Amino acid sequence: MRKRVLAALLALLLGVAAAGRPAHAEKTSGVGYYFDTVITLTLYDAEPGLLDELWAMCKGYEELLSKTVEGSDVDRINRAEGVPVAVSAETMEILRTARAVHDASGGAFSITLAPVIALWDFTGGTNRMPTEQELAETLPLVDDSRIVLGDDGTVTLPAGMQIDLGGIAKGYIADKGAALARGRCTGAVLNFGGNVYTVGRKPDGSGFNVGIRDPQGPEGSSKYVLRTQDGTVVTSGIYERYFELDSVRYHHILDPKTGVSSMSDLASATVVCGSSMLADAVATACIVLGCRDALVLLNSLELDGLLITRDGEAYVTPDFIEKWQLRSV
Ligand code: AMP
Ligand code: MG
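Take the sequence shown: its letter number 188 is residue 1515 in the numbering used here, and every next letter is one higher.
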């Protein structure tokens, strides 16, 4: 009996000590390159091997979802010439979300843009853009409503059409990374380019600060900072991949109606919520829609968002500032 009382006392004391733990923790971090994106993973007090597991996860999803990896689900769908293809449950989940955001955004988010995307070169230095004729030939292939998502786990894409999950896949992977890290470290910041997922807390017990880039500023500059605990902050911006010609910025987010970079008034769109996959697709759609319609979309989906126009004006959904402790920097 006495032993049990002593054990209980000891446990209580240890508990108190842990609660008042000093603000330092074992930090593990690494940088990798997957999905054409620099990925930075930071973990606090992580279980041994967690970082390696996260990198292995990235590699696995690249092999499943990349358009350019032979034998990936996306590659097999794109080469099937109209024949149904059996895909993993994970690919199907992404395709169903893509469909939902396509429909909710009136087609602003379209994964069937792939044949048009292939006509552009935003980063290779050639500044390649499609001719009028090329656009006339490929735009009829942009129509997500023609993708058949079967209840039997197959996907059927009409011959000639292609899909590209570049606007949504990183979000899905961020969600899976967060699920892997949750409970196996005291805190994590998983940064997949524009998709940031934070898990747990900082060593001092507070939430994480996430910077929102100044679209007009240099890489790494922040215009705002917000605070999250367990959740995702996803930003799409017209500064990520682009070239300029005759004072026009041609960037990597295309308007599915025209096949040309979105010329809307938005320079960046940030979505804060629990699902990085959903936030990823919605942020991309917002850039195409422009400020007014993007706010309508965010409100209809009950998502929190911060929109920055090309003029540098910021617009937020109701309560955003208080909820996410948004501040200028
Ligand atoms: P994000 O950086 O998440 O905004 O996604 C941009 C990427 O998604 C591009 O590099 C393309 O691969 C693809 N993409 C471009 N425009 C669209 C669009 N309107 N809908 C869906 N995906 C798009
Ligand atoms: Mg996106």
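Every residue gets a Cβ at the ideal spot worked out from N, C-alpha and C, and that includes glycine. All values reported here derive from a predicted model rather than from experimental measurement.
So for residue i, helix, strand or coil by DSSP?
| i | result |
| --- | --- |
| Pro1645 | coil |
| Gly1504 | helix |
| Arg1455 | coil |
| Leu1391 | helix |
| Ile1635 | strand |
| Glu1380 | helix |
| Gly1498 | helix |
| Ala1610 | helix |
| Arg1413 | The sequence as given places Ala at residue 1413; Arg does not occur at that position. Note: Ala1413 maps to strand in three-state DSSP. |
| Arg1511 | coil |
| Glu1735 | For the chain, the structure presents residues 1328 to 1656; residue 1735 sits outside this window and is missing. |
| Thr1465 | helix |
| Ile1438 | helix |
| Val1396 | coil |
| Leu1605 | helix |
The alpha helix (DSSP H) spanning residue i covers which residue range?
| i | result |
| --- | --- |
| Lys1354 | Taken as a continuous stretch (DSSP letters only), Lys1354 belongs to no alpha helix (DSSP H), being part of the beta strand (DSSP E) at 1354-1361. |
| Ala1441 | 1441-1444 |
Pick out whichever of the options has its Cα sitting closest to the Cα of residue i.
| i | options | result |
| --- | --- | --- |
| Ser1432 | Pro1645, Asp1646, Leu1616 | Leu1616 |
| Val1469 | Ala1486, Tyr1371, Asp1620, Ala1373 | Ala1486 |
| Lys1497 | Tyr1371, Ser1563, Ala1373, Ala1594 | Ser1563 |
| Ser1437 | Val1609, Val1643, Pro1583 | Pro1583 |
| Pro1467 | Trp1447, Val1443, Asp1479 | Val1443 |
| Leu1622 | Val1643, Gly1639, Ala1463, Asp1638 | Val1643 |
| Ser1591 | Asn1626, Ala1608, Leu1634, Glu1629 | Leu1634 |
| Met1488 | Val1401, Asp1631, Ser1655 | Val1401 |
| Thr1367 | Leu1624, Gly1521, Asp1631, Asp1557 | Gly1521 |
| Tyr1388 | Thr1483, Tyr1524, Ala1416, Ser1574 | Ala1416 |
| Val1365 | Gly1632, Glu1567, Met1604, Ser1595 | Glu1567 |
| Val1609 | Arg1426, Glu1571, Gln1652, Leu1462 | Arg1426 |
| Arg1554 | Val1599, Arg1540, Glu1353, Ser1574 | Val1599 |
Tell me which residue opens and which closes the beta strand (DSSP E) that residue i is part of.
| i | result |
| --- | --- |
| Leu1422 | Here Leu1422 belongs to no beta strand (DSSP E); instead the alpha helix (DSSP H) covers 1416-1431. |
| Arg1619 | Counting along the chain, Arg1619 falls outside any beta strand (DSSP E), though it belongs to the alpha helix (DSSP H) covering 1618-1627. |
| Gly1527 | 1522-1527 |
| Thr1481 | 1481-1483 |
Can you pull the DSSP bridge partners for residue i?
| i | result |
| --- | --- |
| Asn1405 | Answer is none; Asn1405 lacks a bridge partner. |
| Gly1564 | Ser1595 |
| Ser1655 | Tyr1551 |
| Val1587 | Answer is none; Val1587 lacks a bridge partner. |
| Ile1539 | Tyr1551 |
| Gly1558 | Thr1525 |
| His1578 | Tyr1569 |
| Val1516 | Thr1369, Thr1525 |
| Leu1476 | Val1482 |
Are any of the Cβ atoms in chain C nearer than 8 Å to that of residue i?
| i | result |
| --- | --- |
| Ser1548 | Protein chains in the displayed structure number just one, and chain C is not present. |
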